[in-house]
Amino acid sequence: MRVPSPKPGLARLAHLAGAALAAILLMASSPALADGPSRPATPAEQSYYNQVMAVLAKAVPASPPPGWDETGRTQIQTPRQVADGSEEDPMGLEYHVRWQDQARARAAQEAQVAAGAEVMKRQMAQPSTAAQEKRVEALAAQVAQAIERGDMATVNRLQDEMDKLYDEINQVLSRRDAELQAALKRHQVKDVEAGVSLLVNSAVVEFIGRVAKDQPVAGLTVYRQEGEDNPHLGWREGYSWVFLGAGWKLMREGDHQYMEFTPKPGVPHTTVQNLVVRVQAAPERARGLLAALDWAALKGLIK
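For the record, in the sequence shown the residue sitting at position 172 is 1548 according to my numbering, with numbers rising by one throughout.
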């Protein structure tokens, strides 16, 4: 039996309307923390954290792009607790910073909300699917009665009729959603958000979608995944990745690609064995942000 499928346009409009309230950035700054059992961090772990995080903080641009604002940056706080078993694997650390062209982003958001509201107002004046929905409810009650009687022929006939009604409802909803999506896209803007993430001692990095090699930076290979128009969230900028450390290998399973790291055995867990640089930004801005990083300092972390 088919049922009306959810349409992304309404979810996207709700996301836009609530974006100001939902813009809470999680800037992780403590290593190997978990909701489960923990133990006190050792002096060696605290020293490792402080030294590495200080280098990461200085390696990224201190100021946002001209005309932009900084919207999030990891706060460095020496950890008092770490997860039980943290000493069994290379200790991971993360440093994040994000910027936004808030003026352009806010103007686009307001225009999209207004355009979406106008479309929905117009659609509310159009014939609804209430009659089909009411008929479906009545048929569902008849199906339940037929099942109780064991009359499967009637059940199948009623379900066929319900499927036709669902098709009619879906056609109407799909047309409305396409109209709403088109209105939102007319006011969509790109290159208004950017971020840099520095990830220490990652084991696996998953690529969502296809990646290709981009212009190298500091003698290192850059992998690039271009942005896409997400039907629920709007335009999402692409990612650029750089992998430091000798143990990385690009893995492929059909269309699925990911990077996997093989750690060195017999070294302290408080050793930086690898570093992933991940930049989310429009292509040219991503290249500029990569070029602005202190690569000498980052390369110097790898042991």
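Just so it is clear, CB atoms sit at the ideal spot from N, CA and C, and this is done for glycine as well.
Rounded to the nearest whole angstrom, the C-alpha separation of Gly-1614 and Asp-1460 is 35 Å.
The C-beta distance from Trp-1475 to Thr-1447 rounds to 6 Å, short enough to fall under 8 Å. Taking 8 Å as the cut-off, the Cβ atoms of Leu-1541 and Val-1512 count as close. Taking 3 residues as the shortest admissible run, the region 1566 to 1650 contains the following complete beta strand (DSSP E) segments, listed from N- to C-terminal end: 1569 to 1576, 1580 to 1582, 1588 to 1593, 1596 to 1601, 1604 to 1606, 1610 to 1612, 1615 to 1620, 1624 to 1629 and 1632 to 1637. Membership of Gly-1492 in the alpha helix (DSSP H) is indicated by the continuous run 1478 to 1500. In the assembly as shown, Ser-1423 is an exposed residue. Its beta-carbon has fewer than 16 other beta-carbons within 10 Å. A straight line joining the alpha-carbon of Ala-1594 with that of Leu-1575 spans about 18 Å.
Straight-line spacing of the CA atoms in Thr-1597 and Pro-1503 works out to 56 Å. Across the set Asp-1670, Lys-1561 and Lys-1589, the C-alpha of Lys-1561 shows the shortest separation from the C-alpha of Asn-1606.
Closest by C-alpha distance to Ala-1668, out of Pro-1440, Val-1548 and Val-1643, is Pro-1440.
Distances from the CA of Leu-1651 to each of Ala-1491, Ala-1483, Ile-1678 and Arg-1482 were compared; the closest alpha carbon is that of Ile-1678.
Residue Pro-1592 holds the alpha-carbon nearest to the alpha-carbon of Gly-1664 among Tyr-1634, Pro-1592, Ala-1622 and Pro-1641. Its Cα nearest to that of Arg-1552, the residue Gly-1492 stands out among Ile-1584, Ser-1573 and Gly-1492. In terms of CA proximity to Gly-1571, Asp-1445 leads the group Arg-1415, Asp-1445 and Leu-1626.
The bridge partners DSSP lists for Arg-1654 are Ser-1573 and Trp-1617. In this chain, Pro-1416 is not harboured by any alpha helix (DSSP H); it is covered by the beta strand (DSSP E) spanning 1414 to 1416.
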